[in-house]
Amino acid sequence: MNFSKRTYWLFLFPTLLALLLVLIIPFGQGIYYSFTQYNGFEVSAFVGLDNYKNLFSDDQFVYSLWFTAGFSIASVIGINVIGLSLAMLVTQKLGRISTLFRTVYFMPNLIGGIILGFIWQFIFLKAFTGIADLTGLDIFRGWLSDTETGFWGLVILFVWQMSGYIMVIYVSFLNNVPKELMEAATIDGANIWQSFWKVKFPMIAPAFTISLFLTLSNAFKVYDQNMALTSGGPFGSTEMVTMNIYNTAFKVQEMGYAQAKAILFLIIITFISVLQLYITRKRETEL
Amino acid sequence: MNIKKLWIGVIALVTMMVLAACSDESDDSSSDNEQGEDEVTVELFNIKVETTDQLDSLIEDYESENEHVNINVTTVGGGQDASSALQAKFSSGDEPSIFLLGGLSDTEKYSEYLLDVSDMESAKTAIDGTLQGATLDGTPYGIPLNIEGFGWMINKDIFERAGVDPSTIDSYDKFVEAVETIDSQKEELGIDSVFAFSAMEDWVVSQFSNHFTAPEFDNDVNVAYEADELQFEYGERMKEYTDLINQYNYQPILSLDYGTSVEELFANDRTAIIHQGNWIVPSLNSIDETFTQEKLGILPLFTDSDDEGYISAGPSWFWGINKEKDDEVVEESKKFIDWMYTSEKGKELIVTDFKYVPAHEGYDIESITDPVSKEVYEMLLDDKGRVWAHNQYPDGFFSTALFPEFQKYLGEKITWEEFEKVAAEKFKEMR
Numbered sequence: 001m002n003f004s005k006r007t008y009w010l011f012l013f014p015t016l017l018a019l020l021l022v023l024i025i026p027f028g029q030g031i032y033y034s035f036t037q038y039n040g041f042e043v044s045a046f047v048g049l050d051n052y053k054n055l056f057s058d059d060q061f062v063y064s065l066w067f068t069a070g071f072s073i074a075s076v077i078g079i080n081v082i083g084l085s086l087a088m089l090v091t092q093k094l095g096r097i098s099t100l101f102r103t104v105y106f107m108p109n110l111i112g113g114i115i116l117g118f119i120w121q122f123i124f125l126k127a128f129t130g131i132a133d134l135t136g137l138d139i140f141r142g143w144l145s146d147t148e149t150g151f152w153g154l155v156i157l158f159v160w161q162m163s164g165y166i167m168v169i170y171v172s173f174l175n176n177v178p179k180e181l182m183e184a185a186t187i188d189g190a191n192i193w194q195s196f197w198k199v200k201f202p203m204i205a206p207a208f209t210i211s212l213f214l215t216l217s218n219a220f221k222v223y224d225q226n227m228a229l230t231s232g233g234p235f236g237s238t239e240m241v242t243m244n245i246y247n248t249a250f251k252v253q254e255m256g257y258a259q260a261k262a263i264l265f266l267i268i269i270t271f272i273s274v275l276q277l278y279i280t281r282k283r284e285t286e287l
Numbered sequence: 001m002n003i004k005k006l007w008i009g010v011i012a013l014v015t016m017m018v019l020a021a022c023s024d025e026s027d028d029s030s031s032d033n034e035q036g037e038d039e040v041t042v043e044l045f046n047i048k049v050e051t052t053d054q055l056d057s058l059i060e061d062y063e064s065e066n067e068h069v070n071i072n073v074t075t076v077g078g079g080q081d082a083s084s085a086l087q088a089k090f091s092s093g094d095e096p097s098i099f100l101l102g103g104l105s106d107t108e109k110y111s112e113y114l115l116d117v118s119d120m121e122s123a124k125t126a127i128d129g130t131l132q133g134a135t136l137d138g139t140p141y142g143i144p145l146n147i148e149g150f151g152w153m154i155n156k157d158i159f160e161r162a163g164v165d166p167s168t169i170d171s172y173d174k175f176v177e178a179v180e181t182i183d184s185q186k187e188e189l190g191i192d193s194v195f196a197f198s199a200m201e202d203w204v205v206s207q208f209s210n211h212f213t214a215p216e217f218d219n220d221v222n223v224a225y226e227a228d229e230l231q232f233e234y235g236e237r238m239k240e241y242t243d244l245i246n247q248y249n250y251q252p253i254l255s256l257d258y259g260t261s262v263e264e265l266f267a268n269d270r271t272a273i274i275h276q277g278n279w280i281v282p283s284l285n286s287i288d289e290t291f292t293q294e295k296l297g298i299l300p301l302f303t304d305s306d307d308e309g310y311i312s313a314g315p316s317w318f319w320g321i322n323k324e325k326d327d328e329v330v331e332e333s334k335k336f337i338d339w340m341y342t343s344e345k346g347k348e349l350i351v352t353d354f355k356y357v358p359a360h361e362g363y364d365i366e367s368i369t370d371p372v373s374k375e376v377y378e379m380l381l382d383d384k385g386r387v388w389a390h391n392q393y394p395d396g397f398f399s400t401a402l403f404p405e406f407q408k409y410l411g412e413k414i415t416w417e418e419f420e421k422v423a424a425e426k427f428k429e430m431r
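First to last, the sequence lines map onto chains L and D.
For the first sequence, full-length UniProt numbering puts the final residue at 287, and the numbers step up evenly by one.
For the second sequence, full-length UniProt numbering puts the final residue at 431, and the numbers step up evenly by one.
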């Protein structure tokens, strides 16, 4: 008993040390810096809660928060609807082809955000203009040059990247729905629509918990896609919170203030994630 | 009891790690000593991505002449992000021995590390005034990397085909006239638009603004650095130029990036005027060698007087040397920089290989191969160049204030008065 407890801590020690060094200490430092005026080199003054007070009168930051929230809602809905549809598609009994499709849909997720951003920048700027010239459809013209197209451009990019990943999660849950249940539903006279909504859907509820959590927190934390695709432009109107924080820290060189933004952002994300987990957990069905 | 043993374990582990680290270091030094002469390693932090290959081959030449010196180069992408990377290097304690400074604010930031370069050969031969951008309280802390000049880069061929002689443009009105003439013949000339101003790039906008802010700051980088306010003294003219660009530009102007503007439109004769500098020469050369020789020209802007045109030209980057390093490293760093700019071999490479406009005296003007770089060099010597005042804006001012507000004006979201007001307020706030 005694021995096992000691070994337990001994084996845990390297991990704890690593966590302490790379997570807990920097986190504590971060909180400290958020109360100071700090340029990355030296702390010039301790300003208490001033940084936090300034946050709420920083129009660009507040705008970024709302923009990110809007982006997250649009892309969470988009990713989950498309991810689930793709999952339904590839779980149909189509033999080898469905494996191929699974791979193809998953592929965008393997490409890094920066590269994806540049690929889509090319598509929006060059390919779309080409389509507009060919067809005369004005909807394909001037992408990324105003706020709306910038916003939808980012959503499309992110949905394209994440859908395949979320699809894989749904696929594994869909495959685990017991056949007997589906059979029973069919025997009871349920049509496809009913058996999906009344049987399959509740059965895959845990998948929603995971998928929503992943998409929501990832959507909030998007940076590289944003940087490569629009880099916040035009006129900072597609600047997400992470980019706003980065710019404050490394372009304006106000590390302390940026740290305060980051802490607030952390609180917001934690709150939303916990809330989301709480709500979706309650809806899960136990088999 | 348990806790005690745990602590013993921890202490043992830590001690082992420390010991391992120590023994590593002693191994290193002994292997160095075996070679007779001490090898010196100089860490160089490079920001000029476009000349990385040239720098590598220059260093190779240097190392073959000086075998005991080993120069390691770290290159990080252009502009602001490179500054962050440099800062990260410093905060992590992994400071380079030689690094690039982007202006006075960098110089001040790293001043406790920077060596006074005034007794270096390459500082003595620097062209008058070029040390200014890295001089604090009369002490120079950096060696100018090169001269870069910017203004309207034009395609002379298109101008001539439209019946406009670029050399006759000697006032703002003539410039407008030329733009209108070219615009009226767009179809025949086969161009998409007269201008291809890339308003998607913050640095292009920042450089454009320099033509109007440099005279306000008395054309002096130190005045610009110390200025508490930006009043847009020449805002009226800046508005006129901006409106002119927006009217005759490739649209949508807000999503026009550098690549499309320079490599697609300008290099393929699809636009007549862009706002750029002589750094585009190498990339134009890689597309078509004859372009820079025959078609490329540079036109000044008319800011404070109607008939006196200026381009902006000056050193934008400075080599700083870290004095906190070991003495022999500092010594070798100095030797290397001196060699680069004052030895015959170094000079030759700077002009022919790097294709830089030199910031030092003692170079043969005729050895500058492309006409525009020569033109920039001559204009600088004729006092037709404005300093790079925009490098002395407060940190982050151009990318988080000037640029987005300028874009808002181009996108007709705000009026020019609002642009000036917001930008001026932010300038004051951020200084």
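C-beta: ideal position from N, C-alpha, C; glycine also.
Looking at residue j and residue i, is the spacing between their C-beta atoms short of 8 Å?
{"i": "L:Ala260", "j": "L:Ser34", "result": "yes"}
{"i": "D:Val372", "j": "D:Ile287", "result": "no"}
{"i": "L:Ala219", "j": "L:Ser72", "result": "yes"}
{"i": "residue 302 of chain L", "j": "L:Met255", "result": "This structure cannot speak to residue 302 of chain L, because chain L is shown only from 1 to 287."}
{"i": "D:Pro140", "j": "D:Ala162", "result": "no"}
{"i": "D:Thr303", "j": "D:His211", "result": "yes"}
{"i": "D:Lys325", "j": "D:Ser97", "result": "yes"}
{"i": "D:Val48", "j": "D:Trp317", "result": "The question names Val, but residue 48 of chain D in the sequence shown is Lys. For D:Lys48 and D:Trp317, yes; Cβs fall inside 8 Å."}
{"i": "L:Phe140", "j": "L:Phe151", "result": "no"}
{"i": "D:Asn46", "j": "D:Leu100", "result": "yes"}
{"i": "L:Gln276", "j": "L:Leu212", "result": "yes"}
{"i": "D:Ala359", "j": "D:Ile59", "result": "no"}
{"i": "D:Val281", "j": "D:Thr290", "result": "no"}
{"i": "L:Thr135", "j": "L:Gly142", "result": "no"}
Between residue i and the rest of its own chain, which residues show a CB-CB distance below 6 Å, the 5 nearest in sequence each way excluded?
{"i": "L:Arg283", "result": "Ala205"}
{"i": "L:Ala228", "result": "Ile114, Gly117, Phe118"}
{"i": "D:Leu230", "result": "Ala424, Phe427"}
{"i": "D:Ile337", "result": "Ser122, Ile143, Trp319"}
Label residue i either buried or exposed according to how many other C-beta atoms from any shown protein chain fall within 10 Å of its C-beta, with 16 as the threshold for buried.
{"i": "D:Glu92", "result": "It should be noted that the sequence gives Ser, not Glu, for residue 92 of chain D. Exposed is the call here."}
{"i": "D:Ser57", "result": "exposed"}
{"i": "D:Glu201", "result": "buried"}
{"i": "D:Phe90", "result": "buried"}
{"i": "D:Lys408", "result": "buried"}
{"i": "D:Val206", "result": "Before going further, note that residue 206 of chain D is Ser rather than Val in the sequence given. Looking at its Cβ environment, which holds 16 or more other Cβ atoms inside 10 Å, D:Ser206 is buried."}
{"i": "D:Thr415", "result": "exposed"}
{"i": "D:Thr271", "result": "buried"}
{"i": "L:Trp9", "result": "exposed"}
{"i": "L:Tyr278", "result": "exposed"}
{"i": "L:Trp197", "result": "exposed"}
{"i": "residue 481 of chain D", "result": "Lying outside 1 to 431, the shown extent of chain D, residue 481 of chain D is not represented and no answer is given."}
{"i": "L:Phe27", "result": "exposed"}
May I have the straight-line CA-CA distance separating residue i from residue j, to the nearest angstrom?
{"i": "D:Ser305", "j": "D:Lys239", "result": "15 Å"}
{"i": "D:Ala424", "j": "D:Phe197", "result": "23 Å"}
{"i": "L:Thr230", "j": "D:Asp395", "result": "22 Å"}
{"i": "D:Val69", "j": "D:Lys335", "result": "10 Å"}
{"i": "D:Leu301", "j": "D:Tyr172", "result": "8 Å"}
{"i": "residue 437 of chain D", "j": "D:Thr342", "result": "Residue coverage of chain D in this structure runs from 1 to 431, which leaves residue 437 of chain D outside it and unanswerable."}
{"i": "L:Ile166", "j": "L:Phe11", "result": "34 Å"}
{"i": "L:Leu21", "j": "D:Gln54", "result": "41 Å"}
{"i": "D:Glu412", "j": "D:Lys174", "result": "27 Å"}
{"i": "L:Gly54", "j": "L:Gln225", "result": "Correcting the residue type first, residue 54 of chain L is Asn in the shown sequence and not Gly. Rounded to the nearest angstrom, the two C-alpha atoms are 28 Å apart."}
Near residue i, which residues of its chain fall below 7 Å by C-beta distance, leaving aside the five closest residues on each side in sequence?
{"i": "L:Val241", "result": "Ser64, Leu65, Thr68, Phe265"}
{"i": "L:Thr99", "result": "none"}
{"i": "D:Tyr248", "result": "Val179, Asp183, Ser193, Val194, Phe195"}
Once the 5 residues before and after residue i are set aside, which same chain residues still bring their CB inside 8 Å of it?
{"i": "D:Ile365", "result": "Lys374, Tyr377, Glu378"}
{"i": "L:Val155", "result": "Phe71, Ala74, Ser75, Gly78"}
{"i": "D:Thr352", "result": "Ser367, Thr369"}
{"i": "D:Asn219", "result": "Arg386, Val387, Ala389"}
{"i": "D:Gly362", "result": "Thr125, Thr342, Lys347"}
- Mind the definition here: the region 304-320 of chain D touches the region 142-154 of chain D only if three or more C-beta pairs lie below 8 Å; say whether that holds. The region 304-320 of chain D vs the region 142-154 of chain D: in contact.
- Taking one C-beta from the region 213-229 of chain D and one from the region 113-123 of chain L each time, how about it: are there three or more such pairs within less than 8 Å? No: the two stretches stay apart, fewer than three of their Cβ pairs being nearer than 8 Å.
- Please determine if the region 173-184 of chain L and the region 86-95 of chain L are in contact, where contact requires at least 3 C-beta pairs separated by less than 8 Å. Yes, since at least three Cβ pairs between the region 173-184 of chain L and the region 86-95 of chain L fall closer than 8 Å, the two stretches touch.
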